[in-house]
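Okay, structure first, notes after.
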Amino acid sequence: MKIGDVEIKGKVVLGPMAGITSLPYREFMKGFGVALSYSEMISDCGLIYGNEKTEEYVATSSSDRPVGLQLFGHSAEHAVKGIAILEKIASYDILDINLGCPVHKVVKTGAGSAWLKNPPALYDYMKAICEASHKPVTAKIRLGWDDNSINVFEVAPMLEKAGVKAITVHCRTSTQMYSGKADYHKIAGLKEKLSVPLIISGDIFSVDDVKCALEVSNADMVMVARGAVGHPFLVKQIDTYLTTGEILPDPALKQQVEYALTFAKMLVEDKGEDVAIRQLKGIIPHFLSGFPGYKKVRLAITQEISSLKQLEALLSQLA
């Protein structure tokens, strides 16, 4: 299928996650069947004021395509300025606008899912963005602000009217944050009201979750985020199932250790050992969850590891 003029060869989308979906993570995940991936959130104000960390988020590579860079902000004026900068300094395929982040420090500024509280203003904001961007624009939203203001059936068609070329719905409200369960039934019938691709998101941790999500929503693609952190083979399982109907078995511990080592080396090469090890302490334990001795190993990784060599030694013992 296509998002604007960008061809997407597959149905598994890697969702944006702050502190996770860096360039090396996206490159690592591509090999498992990711058809489209999104960057961490990028502040339009960060771009305008030349924030050094913000510019790190825009890095892409030839193996990281197609890729969407995700922008967030609270005003059309800042968004348009940010897009102009982004188009000069970055190489990417799709511009995604975050309209779903529920974190307080984001919504208190009027950004993220705060936009869902004011659909008319949101329409003007997105129309300005779609007119300014030379790349196809997508948007990620939630069901609504809270249970009393679920407006996804109003907002999604309005986004398409504004010029958005694909819409991702995380099937929770903003006030739910990440608690409770994603309710796919809340968007049943939405696909039939759209002519652009619909991507479903929220609680995708297994092939069974995908079956349920797609059966209920009839969405075109499925977004995997937290469910694939430390479990990259989940993407392969989903992609294989959607392509052939086959359900692949979960990988053994030895294979998970190999995946963890591969990713660790990629992150160290990109960010340097000190920065990478700090990030890996929060990510590598996910590769080992569910296996015997997990708590002991997690403790060792988070409290005793200070170098790639130490991490390799520990993981090699497990394998």
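Heads up, the sequence shown is in the working numbering, so the first residue is 67 and it goes up one at a time. Glycine is no exception: its CB is placed at the ideal position from the N, C-alpha and C atoms.
Please state whether the Cβ-Cβ distance between residue i and residue j is less than 9 Å.
i	j	result
Val-288	Leu-308	yes
Ser-372	Ile-343	yes
Ser-272	Ala-248	no
Leu-135	Tyr-158	yes
Leu-374	Ala-330	yes
Ile-160	Gly-70	yes
Lys-147	Leu-113	yes
Asp-212	Thr-234	no
Val-79	Val-290	yes
Phe-219	Gly-178	no
Gln-322	Leu-354	yes
Gly-99	Thr-306	yes
Ala-205	Val-230	yes
Ser-215	Lys-259	no
Ala-222	Leu-256	yes
Ile-149	Ile-86	no
May I ask which residues mark the beginning and end of the alpha helix (DSSP H) holding residue i?
i	result
Leu-209	It is not in any alpha helix (DSSP H) - Leu-209 carries neither H nor E in the DSSP assignment.
Met-95	89-96
Cys-196	185-198
Ala-125	Segment: none, Ala-125 is in no alpha helix (DSSP H) and carries neither H nor E.
Phe-353	339-354
Lys-201	Run containing Lys-201: none; DSSP gives neither H nor E here.
Tyr-67	Note that residue 67 is Met in the sequence shown here, rather than Tyr. From DSSP, Met-67 is part of no alpha helix (DSSP H); its letter is neither H nor E.
Ser-382	374-384
Lys-154	142-155
His-170	170-173
Bridge partners of residue i, per DSSP?
i	result
Phe-135	The question names Phe, but residue 135 is Leu in the sequence shown. Answer by DSSP bridge pairing, in chain order: Leu-161.
Ile-265	Thr-234, Met-287
Met-107	Gln-136
Lys-361	None; Lys-361 has no bridge partner.
Ile-313	Beta-bridge pairing links Ile-313 to no other residue.
Val-276	According to DSSP, Val-276 bridges with nothing at all.
Leu-102	Val-79
Ile-216	Gly-210
Mind checking residue i: buried by the 16 CB within 10 Å criterion, or exposed?
i	result
His-140	buried
Lys-227	exposed
Thr-120	buried
Leu-102	buried
Ser-199	buried
Pro-168	buried
Gly-166	buried
Leu-365	exposed
Glu-118	exposed
Phe-94	buried
Met-243	exposed
Thr-368	exposed
Val-261	Checking the sequence, you will find Ser at residue 261 rather than Val. Exposed: under 16 other Cβ atoms inside 10 Å.
Pro-358	exposed
Asp-269	buried
Val-341	exposed
Looking at C-alpha atoms only, which residue of the options is the closest neighbour of residue i?
i	options	result
Gly-311	Leu-165, Glu-335, Ala-326, Asp-274	Asp-274
Met-224	His-236, Thr-239, Ile-207, Asn-214	Ile-207
Ile-74	Ser-88, Lys-96, Thr-87	Lys-96
Ser-127	Lys-259, Leu-89, Lys-361	Leu-89
Ala-180	Gly-99, Phe-357, Ile-163	Ile-163
Gly-293	Gly-76, Met-83, Lys-77	Met-83
Glu-391	Lys-193, Lys-259, Gly-356	The question about residue 391 has no answer, for the chain in this structure spans 67 to 385.
Tyr-360	Leu-384, Ala-232, Leu-314	Leu-384
Asn-217	Val-230, Lys-201, Pro-185, Val-203	Pro-185
Glu-378	Ser-355, Glu-324, Thr-368, Gly-348	Glu-324
Glu-370	Leu-209, Val-334, Lys-347, Ser-355	Lys-347
Ile-253	His-236, Cys-111, Asp-190	His-236
Lys-171	Glu-197, Gly-255, Ser-109, Val-230	Ser-109
Asp-316	His-297, Met-332, Leu-333, Ala-326	His-297
Asp-336	Asp-269, Ile-151, Ala-125	Ala-125
Ile-350	Ala-326, Pro-202, Tyr-250, Leu-333	Ala-326
Leu-280	Val-295, Thr-239, Tyr-250, Arg-238	Tyr-250
Val-72	Lys-201, Glu-106, Leu-264	Lys-201
Lys-68	Glu-122, Lys-277, Val-203, Tyr-91	Val-203
What do you reckon, is the C-beta of residue i under 8 Å from a heavy atom of the ligand COA?
i	result
Val-282	Absent from the structure shown: the ligand COA. Ligands present: none.
Check for me: the beta strand (DSSP E) holding residue i runs from which residue to which?
i	result
Leu-15	Within the shown structure, residues of the chain are numbered from 67 to 385, placing residue 15 beyond reach of any answer.
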